[in-house]
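J.: Just passing along the structure, written as structure tokens.
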Amino acid sequence: MAGRFRPPTPTTRTTFRGGHTPVPALPNAPAPLDPGPASSLAPDLGLTLGPLRRGPADPTFRVTPDGSIWRASRTPEGPGTIRLAAVRDGAPTADAWGPGATWLLDNAPALLGAEDDPAAFVPRHKLVLASLRRRPGLRLTRTGLVLESLIPTILEQKVTATEAYASWRQLVRTFGEPAPGPAPEGMYVMPDAQTWTRIPSWEWHRANVDGKRSATIVRAARVAARLEEAVLMDPPAARRRLELIPGIGPWTSAETIQRSNGAPDEVTTGDLHLPGIVGWALAGDRAADDEAMLDLLAPYAGQRHRAVRLILLSGRVPPRRAPRMAPGDITRI
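Plus 14 on top of the position in the sequence shown (first one is 1) and you've got my numbering.
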């Protein structure tokens, strides 16, 4: 009998990337927010919103001991803060503040996976099935906002997650604005598009962001309105729109559209670790490349991103044979 009750998967770098964000249960809350027709089962807030968290100290994302998730966003109507929580039975609730409050509440169901269809997913591997059974509340979020996912993703290009998270924190705290409403102390809304284009070169340097990444962010911010139109496109067309910007390739566009458009089939290619993780989990092949990874994910056509999330959340990774990539620091140059 003991073997039937497995302990929860511990939070690691891999499960964190899969969206593992533990959230305490909230015993009491206001009237529940309808999560939509996607499923009769309420979404797991930590799993659904976890991919939006850029490191444990993200100033735009906070988990509080009362079971709430707070997000500070720059919406088309201005800055706003939203608080999401689950009551004891799992029903989600939402409150919002600031000029963007109405927009955030209107889009809260999509944020919580109302437009996702988990029933369309059919597990083809034992590991994926086991991961799915442990996480029935996993939903794919759709933020409806491109720039807020694109900029931190650009910061993550070719550097360690630790470096990218630190750069994001510094830039948001320096050039953003305090989150509206009774948000937890230290929360900020990211800068608007115009502010991103005006950050001086020495401030990028202080934030440990090299010229290539900062130039890509500036180019994207200058055409932010056109990029935000991508949320109304199908995911492949949305990715093509983003990749018109020099410095934005398949890795960056996939990581962005997965979040902004809630795309269940967009797979991240060009990643240093992901092919080996998928290859090891599904076929015992730690040397898998992008082509091998896509072949292994072929049975999940239409739902490949969800399959990858479940693989990451399983925590199954190949044994390490080399030291981790050492963080860089251009601020000393």
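Glycine included, C-beta positions come from ideal geometry on N, C-alpha and C.
DSSP state of L146, grouped into three classes?
T.: helix
J.: Going by beta-carbon coordinates alone, are L119 and A110 separated by less than 7 angstroms?
T.: yes
J.: Note the first and the last residue of the continuous beta strand (DSSP E) segment covering F189.
T.: F189: not part of any beta strand (DSSP E); member of the alpha helix (DSSP H) spanning A175 to F189, first to last residue.
J.: Take the Cβ of R253 as the centre, count every other Cβ of all protein chains shown within 10 Å, and call the residue buried at 16 or more, exposed below.
T.: Answer is buried; the Cβ neighbour count reaches 16.
J.: Please state the DSSP three-state secondary structure of L98.
T.: strand
J.: Counting pairs of beta carbons, one from the stretch 141 to 156 and one from the stretch 257 to 276, are three or more of them closer than 8 angstroms?
T.: yes
J.: Below 7 angstroms between beta carbons: does that hold for I347 and N222?
T.: No, Cβ-Cβ distance for I347 and N222 is not below 7 angstroms.
J.: Among I83, L164 and R138, which has the Cα closest to the Cα of L125?
T.: I83
J.: What residues match up with Y202 in a beta bridge as DSSP calls it?
T.: P192
J.: Within 10 Å of its beta-carbon, does L164 have 16 or more other beta-carbons around it, so buried, or fewer, so exposed?
T.: buried
J.: Looking at the structure shown, is T345 part of a helix, part of a strand, or coil, going by DSSP?
T.: helix
J.: Quick one: what's got a C-beta closer than 6 angstroms to R97's C-beta in the same chain, skipping five residues either side?
T.: Same-chain partners within the cutoff: S82, W84 and D109.
J.: Output the boundary residues of the beta strand (DSSP E) element that contains V77.
T.: F75 to V77
J.: For the beta strand (DSSP E) containing R85, name the first residue and the last one.
T.: S82 to T89
J.: When the distance is taken between beta carbons, is P192 closer than 7 angstroms to Y179?
T.: No, Cβ-Cβ distance for Y179 and P192 is not below 7 angstroms.
J.: Which whole-angstrom value describes the C-beta separation of A302 and G316, a residue pair presumed to lie in contact below a C-beta threshold of 8 angstroms?
T.: Actually they are not in contact, since the Cβ atoms of A302 and G316 sit about 21 angstroms apart, beyond 8 angstroms.
J.: Residue range of the beta strand (DSSP E) that A108 falls in?
T.: P106 to W111
J.: Using three-state DSSP, classify G92 as helix, strand or coil.
T.: strand
J.: Can you tell me the Cα-Cα spacing of P198 and R76, whole angstroms?
T.: So the alpha carbons of these two residues sit roughly 8 angstroms apart.
J.: Looking at the structure shown, is E305 part of a helix, part of a strand, or coil, going by DSSP?
T.: helix
J.: Where do the N-terminal and C-terminal ends of the alpha helix (DSSP H) with L119 fall, by residue?
T.: A115 to D120
J.: In its own chain, which residues sit with a C-beta less than 7 angstroms from the C-beta of G195, not counting the 5 before and 5 after it?
T.: Excluding residues within five positions, the ones whose Cβ falls inside 7 angstroms are T95, W111 and G112.
J.: Could you tell me the distance, in whole angstroms, from the CA atom of L146 to the CA atom of T282?
T.: 20 angstroms
J.: Could you check which residue in L326, L327 and A321 has the C-alpha nearest to that of R138?
T.: A321
J.: Under 8 angstroms by Cβ, that's how I've got T209 and F189 pegged, so tell me the actual separation to the nearest angstrom.
T.: 5 angstroms
J.: Here's the rule I'm using: 16 or more other beta-carbon atoms within 10 Å means buried, otherwise exposed. How should R334 be labelled?
T.: exposed
J.: If we call anything under 7 angstroms between Cβ atoms a contact, is P93 one with G114?
T.: yes
J.: With distances taken Cα to Cα, identify the nearest neighbour of G290 among E280, D279 and L310.
T.: The shortest C-alpha separation from G290 is found at L310.
J.: Taking 7 angstroms as the CB-CB limit, is A297 close to chain B?
T.: Absent from the structure: chain B. Only one protein chain is present.
J.: Among L141, R148, T107 and T176, which one has its Cα closest to the Cα of A71?
T.: T176
J.: Please state if the CB of L59 and the CB of V160 are separated by a distance shorter than 7 angstroms.
T.: no
J.: Measure from the alpha carbon of G276 to the alpha carbon of each residue in R323, D80 and P106, then state which is nearest.
T.: R323
J.: The alpha helix (DSSP H) spanning T283 covers which residue range?
T.: T283: not part of any alpha helix (DSSP H); DSSP gives it neither H nor E.
J.: If we ignore side chains and look at the alpha-carbon of each, how far apart do A251 and G200 end up?
T.: Between the C-alpha atoms of A251 and G200 there is a straight-line separation of about 37 angstroms.
J.: How many whole angstroms separate the CB atoms of S328 and A297, which I take to be in contact at a CB cut-off of 8 angstroms?
T.: The pair is not a contact, with the Cβ atoms about 14 angstroms apart (cut-off 8 angstroms).
J.: Is the beta carbon of A99 less than 7 angstroms from the beta carbon of T89?
T.: no
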